Amino acid sequence: MENEAGALSRVAGLFSARGYNIESLSVAPTEDPTLSRMTLVTIGSDEVVEQVTKQLNKLIEVVKIIDLNDGNHIERELMLVKIRAVGPDREEIKRLAEIFRGSIIDVTDKSYTIELTGTSSKLDAFLEAIERSAVLETVRTGASGIGRGEWILKV
Amino acid sequence: MSVELTGAEITIRCLQEEGVQCIFGYPGGAVLFIYDELFKQDKVRHILVRHEQAAVHAADGYARSSNKVGVALVTSGPGVTNAVTGIATAYMDSIPMVVISGQVPTSAIGLDAFQEVDTVGITRPCVKHNFLVKDVSELALTIKKAFYIASTGRPGPVLVDIPKDVSQQKTKFEYPDKISMRSYNPVTKGHTRQIKKAAELILSAKRPVVYAGGGVILSDAAPQLTELTQMLNFPCTNTLMGLGGYPATDKQSLGMLGMHGTYEANMAMQYCDVLIAVGARFDDRVIGNPKHFFNENRKIIHIDIDPSSISKRVKVDVPIVGDVLDVLKELIKLLKAEKEKPDQTALKEWWKQIELWRERDCLKFDRSSKIIKPQMVIEKLFNVTKGDAFITSDVGQHQMWAAQFYKFDKPRRWINSGGLGTMGFGMPAAMGVQLANPKGKVACITGEASIQMCIQELSTCKQYKLPLKIINLNNRYMGMVRQWQEFFHGNRYAESYMNALPDFVKLAESYGHVGMKIEKPEDVEDALKEAFKLKDQLVFMDFITDQTENVFPMVPGGKGLSEMILV
Ligand SMILES: Cc1cc2nc3c(=O)[nH]c(=O)nc-3n(C[C@H](O)[C@H](O)[C@H](O)COP(=O)(O)OP(=O)(O)OC[C@H]3O[C@@H](n4cnc5c(N)ncnc54)[C@H](O)[C@@H]3O)c2cc1C
Ligand SMILES: Cc1ncc(C[n+]2csc(CCOP(=O)(O)OP(=O)(O)O)c2C)c(N)n1
Ligand SMILES: [Mg+2]
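Line order of the protein sequences matches chains Z and U. Letter by letter, the first sequence follows residues 1 to 155 of the working numbering. Letter by letter, the second sequence follows residues 156 to 722 of the working numbering.
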């Protein structure tokens with residue numbers, strides 16, 4: 001979409017006004033600074049998703065929209081998670097982070113902060129592997145998606 | 156070097172470049188520089204209303220009756236909030252309009268400044284698009300975009316918010332001839348293959364119906380719709396917004412369909428085998444409950460310029476995205492070249508069935524009543540004006556009777572708020588209609604409750620000598636509300652009685668107009684004739700009508716089209 005003030009609130013407003021749900025939303029400018037790219041995850045029947053797509057297309061600032069589910073695609077989300085890490089848990093958590101290909105990016109006596117990238121379900125799985133009370137804080141970006149192969153989204 | 160102009164000058168120059176002759180507005184602090192520039196020129200005429208809601212409704216009526224973009228000008232804060240009802244009204248009915256609003260200076264935005272509201276935020280859900288102009292260098296291009304967006308594709312209101320300092324700043328003025336936007340490219344031409352499919356389906360029809368909506372009026376395609384319908388000898392029904400798209404006095408017209416549509420139109424919709432929807436959006440007031448509307452033996456062709464109107468409430472078989480005018484022309488061409496004709500025996504049977512439904516005479520009412528029947532007033536109005544007037548209406552029973560009993564043969568003659576159903580729309584809209592059609596006969600059909608929502612505009616009518624004929628169907632009730640209470644709330648008339656009504660005759664007179672009170676059925680016709688003879692004067696006609704009259708047929712909420720309550 002056009003990289004303009006207000007474009008994001010039009011999208012968000014459309015979803016709340018029409019009662020669609022937003023699972024996650026991530027947006028940032030692209031290599032062309034006049035354009036932003038947004039990845040929006042929503043859940044609905046085929047009819048609802050069709051209406052969502054049509055309604056988004058009507059927004060003047062939306063340049064192009066694709067449903068990544070129509071083809072093969074890759075999806076990634078970034079999570080930063082702060083975990084209580086004392087005593088024997090420290091090793092265990094470090095190992096777990098390795099298994100999930102996360103990296104520890106900040107350390108104190110009592111905690112690790114881990115950076116983890118993957119599909120949303122991989123991030124969920126990591127959190128489930130850790131004892132609930134040990135998770136002190138999480139922050140997630142929401143998914144970003146891109147088509148597989150040589151196919152590109154051109155405007 | 157070319158001279159630099161201020162933002163205010165540029166604003167007015169842009170309006171001139173767009174060929175705008177008339178705008179409706181109300182001044183205030185944030186738009187003073189713009190008003191100053193208006194004052195210094197005489198190409199754009201400004202009509203001073205008495206409330207911003209009326210400015211927008213008037214611009215709306217102007218647009219609907221002329222197919223030009225309506226323009227309103229309001230100040231920041233309360234000026235804008237007053238305008239919101241008008242903007243939402245235009246939005247729901249897809250009316251091309253540009254609203255220019257003043258805003259506090261850019262340096263004050265966000266500081267809870269005097270008369271500051273987040274105009275772009277407040278209006279976002281009820282405009283096609285809106286802009287906040289932060290730099291004077293963007294102003295001309297933004298106004299160009301506003302007119303372009305408002306008038307192309309599915310039309311709609313566009314708002315341009317101009318901070319006061321931007322109207323003072325100077326820059327070089329250049330008005331672009333043409334504009335292209337990478338993110339906005341409305342289609343006009345329909346897909347050839349889809350149009351072919353539609354033609355095939357039409358030729359296979361045994362029980363066809365043409366269901367025509369506001370899109371036919373908006374695209375000025377009434378002649379094409381009429382040609383198509385008549386060359387096929389198909390029945391045609393129009394939505395409330397589509398009245399006039401097909402001549403109502405023609406024998407192929409089934410009248411309006413929907414909640415208060417005719418028996419024959421609704422039955423035909425329910426039992427047809429091919430439904431040709433043209434610029435209509437399967438609204439809940441039209442088809443009722445989609446589950447009841449569903450009929451597996453019916454195939455639907457849907458022509459609409461807005462893809463999101465298609466398969467929104469009802470799944471269709473042949474969607475055609477495109478401008479009604481273009482698509483109908485193509486379709487007519489295809490069908491003319493075709494040797495085949497639809498099955499004429501089947502069509503004859505279908506018309507026979509329709510005649511049987513017609514015989515039900517669903518719009519009958521007591522013609523010998525000693526109390527004035529509202530339907531009779533509209534019938535007489537139709538006769539007296541020879542069906543040639545511009546009719547605006549407010550919202551309620553009177554609106555439905557107007558739609559049922561005034562037979563619109565031409566497009567852009569019936570002006571009402573269908574989507575939002577805004578009481579208070581009628582008189583200000585009529586002002587806009589009269590200004591767009593100075594020679595036209597303009598009547599506003601209203602109710603004693605609706606008219607009081609913008610009654611202050613009687614003053615505007617005086618100032619600009621607008622000779623409207625106000626037809627007040629005074630039943631001393633919010634009749635439409637009363638009807639629902641009678642049918643669905645056990646006759647408990649909660650707050651729907653209109654107490655303490657003014658003496659409308661004196662009220663009209665105090666504004667300098669002519670007032671008439673009509674209480675007997677035998678006086679109705681003469682009064683109307685007399686009123687229309689007063690060519691240069693506004694006449695407020697207060698018809699004291701039957702309090703208990705209801706609008707029939709009626710499809711109750713949640714029901715299907717064949718489940719009408721009949722008189
Ligand atoms: C009290 C009350 C009672 C009502 N009862 C009824 C009733 O009994 N029957 C009834 O019909 N309505 C009734 N209405 C009105 C109803 O609420 C809707 O406003 C109306 O039915 C919508 O009309 P439409 O389907 O023609 O669509 P519109 O609102 O006129 O929409 C036009 C459609 O055409 C499309 N379009 C626009 N321009 C073009 C173009 N150039 N080319 C192609 N497509 C285009 C648009 O995208 C849109 O889908 C009532 C309203 C009120 C207030
Ligand atoms: C601004 C607004 N408020 C409330 C309503 C709900 N409403 C619809 S019809 C109606 C009554 C209209 O009464 P009147 O103008 O006397 O017309 P009648 O139905 O009696 O012909 C009301 C209150 C509305 N449509 N618009
Ligand atoms: Mg009333």
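Glycine residues also receive a C-beta, built at the ideal position from the N, C-alpha and C atoms. Computed from a predicted model, the values in this text were never measured in an experiment.
Segment limits, beta strand (DSSP E) that includes residue i
i	result
Z/P29	24–29
U/L628	624–629
U/G216	It is not in any beta strand (DSSP E) - U/G216 instead sits in the alpha helix (DSSP H) that spans 207–221.
U/K327	325–327
U/H553	No beta strand (DSSP E) holds U/H553; the alpha helix (DSSP H) holding it covers 552–560.
Z/A7	Segment 7–18 is the alpha helix (DSSP H) holding Z/A7; no beta strand (DSSP E) there.
Z/E115	111–118
U/F194	Taken as a continuous stretch (DSSP letters only), U/F194 belongs to no beta strand (DSSP E), being part of the alpha helix (DSSP H) at 187–194.
U/C599	597–602
U/C427	Premise fails: U/C427 is in no beta strand (DSSP E) and is neither H nor E.
U/I526	Looking at the DSSP string, U/I526 is not in any beta strand (DSSP E), and its letter there is neither H nor E.
U/L314	312–318
CB contact check: residue i to chain U, cutoff 7 Å
i	result
Z/G147	no
Z/I60	yes
Z/E128	no
Z/E2	yes
Z/G157	A question about residue 157 of chain Z goes unanswered here, because the residues of chain Z that appear run from 1 up to 155.
Z/K154	no
Z/K54	yes
Z/A17	yes
Z/V81	no
Z/V63	yes
N- and C-terminal bounds of the alpha helix (DSSP H) containing residue i
i	result
U/C281	Run containing U/C281: none; DSSP gives neither H nor E here.
Z/P88	From DSSP, Z/P88 is part of no alpha helix (DSSP H); its letter is neither H nor E.
U/F643	634–643
U/V254	Counting along the chain, U/V254 falls outside any alpha helix (DSSP H), though it belongs to the beta strand (DSSP E) covering 252–258.
U/C169	162–172
Short Cβ contact (7 Å threshold) for residue i with residue j
i	j	result
Z/L80	Z/V27	no
U/N654	U/D697	no
U/P251	U/A305	yes
Z/V63	Z/V155	yes
Z/A143	Z/E75	yes
U/Q589	U/W556	no
U/V371	U/L383	no
U/D472	U/K446	no
U/I600	U/H553	yes
U/V239	U/V272	no
U/A185	U/G257	yes
Closest residue to residue i among the options (Cα-Cα distance)
i	options	result
Z/E137	Z/S144, Z/I114, Z/K154, Z/W151	Z/I114
U/S665	U/S717, U/M633, U/I610	U/I610
U/M336	U/G368, U/D701, U/F302	U/F302
U/K319	U/P566, U/L621, U/D681, U/G162	U/G162
U/V441	U/V158, U/V710, U/T166	U/V710
Z/L83	Z/S133, Z/G71, Z/F15, Z/E31	Note that residue 83 of chain Z is Ile in the sequence shown here, rather than Leu. Of the candidates Z/S133, Z/G71, Z/F15, Z/E31, the one whose C-alpha sits nearest the C-alpha of Z/I83 is Z/S133.
U/Y723	U/F545, U/K714, U/A295, U/F437	Here chain U comprises residues numbered 156 to 722, so residue 723 of chain U is not present and cannot be evaluated.
U/E718	U/G410, U/M414, U/L203, U/A403	U/M414
U/N452	U/N444, U/P474, U/E510, U/R362	U/R362
U/V660	U/D543, U/T615, U/V694	U/V694
Within-7 Å CB hit, residue i to chain Z
i	result
U/H106	Here chain U comprises residues numbered 156 to 722, so residue 106 of chain U is not present and cannot be evaluated.
U/S335	no
U/Y339	yes
U/S249	no
U/S306	no
U/R522	no
U/P280	yes
U/P462	yes
U/H284	yes
Residue i: CB within 6 Å of a non-hydrogen atom of ligand 4
i	result
U/N705	This structure lacks ligand 4; its bound ligands are ligand 1, ligand 2 and ligand 3.
- Taking contact to mean at least 3 C-beta pairs separated by less than 8 Å, is the stretch 564–577 of chain U in contact with the stretch 388–402 of chain U? With contact defined as three or more Cβ pairs closer than 8 Å, the stretch 564–577 of chain U and the stretch 388–402 of chain U are in contact.
- Task: Say whether the stretch 515–530 of chain U touches the stretch 579–596 of chain U, bearing in mind that this needs 3 or more beta-carbon pairs closer than 8 Å, one atom from each stretch.
- Result: no
- Task: Would you be able to state if there are at least three C-beta pairs under 8 Å between the stretch 477–488 of chain U and the stretch 362–377 of chain U?
- Result: yes
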